[in-house]
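Position 227 of the sequence shown, counting from 1, maps to 228 under our numbering, and the rest follow consecutively.
Written out below as structure tokens is the structure these notes cover.
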Amino acid sequence: MTSHAAPSNDICPITGKTYPRRDFFVVDHLHPALAERIRQDHPDLAADSRISRAAIDQYRLRYVEELLRQERGELTKLDSEVARSLAEGSMVSANVEESFDEKRTLGERLSDGLATFGGSWPFLIFFALALGVWITINVARGPEAFDPYPYILLNLLLSCLAAVQAPIIMMSQRRQESKDRLRSLNDYQVNLKAELEIRHLHEKIDHLITRQWERLAEIQELQIELLQERR
């Protein structure tokens, strides 16, 4: 006697494709707004109809995009990425520091290092010591000094150092501004996604409370009917 196993795959009524049975969900168990959005395109779906996760992700993306379009008008690229991440359940937060530093060239690494060293106490201490040694040597040698007072050679070296150091610091600051811009864009995406998820949670809680009140009302009606029958 042979036994035939039940098929483990089902066909989604929306996409028309075959998916594993574990990836199907009942329409009535979805978020009310999402279920209503699906029924707008497929009014023949019953409350106990089962649709695939792929179809749910598609309609969740459409629902979030329509919600953002109603509040913000035309969607930007960042808004579309947030809507897609919310529909797919993926994360939008990223380590901007690590991803940005990995793309630095050798010249950019060198400019960042020089700018960091040029704005530190070790550089100021070394610079002050170098000036003190330079002036002390020239004062001690007297008429034989290679750079007597008013230290024209020293002024020339300091002018060259300032002329070279300023562009290096500006390059490093420009890279820092680009990094801050990426960080602010990532913060915007995270905040927007958090705002949408909190709104969805509020809607789900309101829906659950409404259903609980409906069930309590049904239970009270049954109790009243039982009391009337006993009387």
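Think of the CB as a built atom: it goes at the ideal place given N, C-alpha and C, for glycine as much as any other residue.
| Which of the three DSSP states, helix, strand or coil, is assigned to serine 1? | In the structure as shown, the chain starts at 2 and stops at 232, and residue 1 therefore has no counterpart that could be examined.
| query | Got a sec? Which residues, its chain only, sit under 6 Å from leucine 162 by beta carbon, not counting five neighbours each side? | reply | Taking the first residue of the sequence shown as position 1, residue 162 is located at position 161. Result list for leucine 162: empty, nothing under 6 Å.
| In the DSSP assignment, what are the bridge partners of arginine 298? | A query on residue 298 cannot be resolved here, the shown segment of the chain reaching from 2 to 232 and no further.
| request: Spatial neighbours of isoleucine 220 within its chain, please: CB distance less than 7 Å, with the 5 preceding and 5 following residues excluded, ordered by chain position. | output: Sequence index remark: in the sequence shown, residue 220 carries index 219 (1-based). Nothing meets the Cβ criterion.
| Can you tell me the Cα-Cα spacing of leucine 228 and glutamate 196, whole angstroms? | Numbered from its first residue, the sequence shown carries residue 228 at position 227. Numbered from its first residue, the sequence shown carries residue 196 at position 195. In a straight line, the C-alpha of leucine 228 is about 48 Å away from that of glutamate 196.
| query | When DSSP builds the beta bridges, which residues end up paired with asparagine 10? | reply | In the sequence shown, counting from the first residue as 1, residue 10 sits at position 9. Pro21.
| query | Is it buried or exposed for aspartate 1, if we count other Cβ within 10 angstroms and need 16 for buried? | reply | Residue numbering for the chain in the displayed model covers 2 to 232; residue 1 lies beyond these limits and cannot be assessed.
| task | For the alpha helix (DSSP H) holding aspartate 148, just list the boundary residues, first then last. | result | Along the sequence shown, one-based indexing puts residue 148 at 147. No alpha helix (DSSP H) contains aspartate 148, which DSSP labels as neither H nor E.
| field | Span separating the alpha-carbon of glutamine 177 from that of valine 28 | value | The residue you call residue 177 lines up with position 176 of the sequence shown. The residue you call residue 28 lines up with position 27 of the sequence shown. Spanning the two alpha carbons is a distance of roughly 49 Å.
| request: In the DSSP assignment, find the unbroken alpha helix (DSSP H) run with isoleucine 39 in it and report its ends. | output: As a working note, residue 39 is residue 38 in the sequence shown. Where isoleucine 39 is concerned, the enclosing alpha helix (DSSP H) stretches over 33-42.
| task | Reducing DSSP to helix, strand and coil, say where aspartate 181 ends up. | result | For the purposes of this step, residue 181 is identified with residue 180 of the sequence shown, where counting begins at 1. When DSSP states are grouped into helix, strand and coil, aspartate 181 belongs to the helix group.
| Which one of Asn10, Leu155 and Thr19 has the shortest CA to CA distance from alanine 129? | As a working mapping, residue 129 is identified with position 128 in the sequence shown. Out of Asn10, Leu155 and Thr19, Leu155 has the C-alpha closest to the C-alpha of alanine 129.
| task | Kindly indicate which residue of His30, Leu115 and Val134 has the alpha-carbon position closest to the one of tryptophan 152. | result | Locating residue 152 in the sequence shown gives position 151, counting from the first residue. Reading off the sequence shown, one finds tyrosine at residue 152, where the question assumed tryptophan. It is Val134.
| said: So, at 7 Å on beta carbons, what are the nonlocal neighbours of proline 21 in its own chain, with the 5 sequence-adjacent residues on each side left out? | reply: Position 20 of the sequence shown holds residue 21. So the list reads Ser9 and Asn10, once near-sequence residues are dropped.
| task | Note down, in chain order, each residue of its chain lying with its Cβ closer than 8 Å to the Cβ of serine 4, except the 5 sequence neighbours on either side. | result | Position 3 of the sequence shown, counting from 1, holds the residue named residue 4. Low local confidence applies: a pLDDT of 43 at serine 4 is under 50, so the model's placement there is unreliable, and no value is given.
| request: Grab me the residues of asparagine 139's own chain with a C-beta within less than 8 Å of its C-beta, minus the 5 sequence neighbours each way, in chain order. | output: For the purposes of this step, residue 139 is taken as the residue at position 138 of the sequence shown. Excluding positions up to five away in sequence, the list reads Ala146, Phe147, Asp148, Pro149, Tyr150 and Tyr152.
| Quick one: Cα of tryptophan 214 to Cα of proline 33, how far? | The sequence position of residue 214 within the sequence shown is 213, counting from 1. The sequence position of residue 33 within the sequence shown is 32, counting from 1. Rounded to the nearest angstrom, the two C-alpha atoms are 16 Å apart.
| query | Taking just the CA atoms, how far does tyrosine 60 sit from isoleucine 39? | reply | Along the sequence shown, one-based indexing puts residue 39 at 38. Along the sequence shown, one-based indexing puts residue 60 at 59. Approximately 7 Å, taken between the alpha carbons.
| query | alanine 141 to leucine 158, Cα distance in whole Å? | reply | The sequence position of residue 141 within the sequence shown is 140, counting from 1. The sequence position of residue 158 within the sequence shown is 157, counting from 1. Roughly 21 Å separates the two Cα atoms.
| query | Nearest-angstrom Cα distance between serine 121 and tyrosine 189? | reply | Stepping through the sequence shown from its first residue, residue 121 is reached at position 120. Stepping through the sequence shown from its first residue, residue 189 is reached at position 188. Whole-angstrom Cα-Cα distance: 33 Å.
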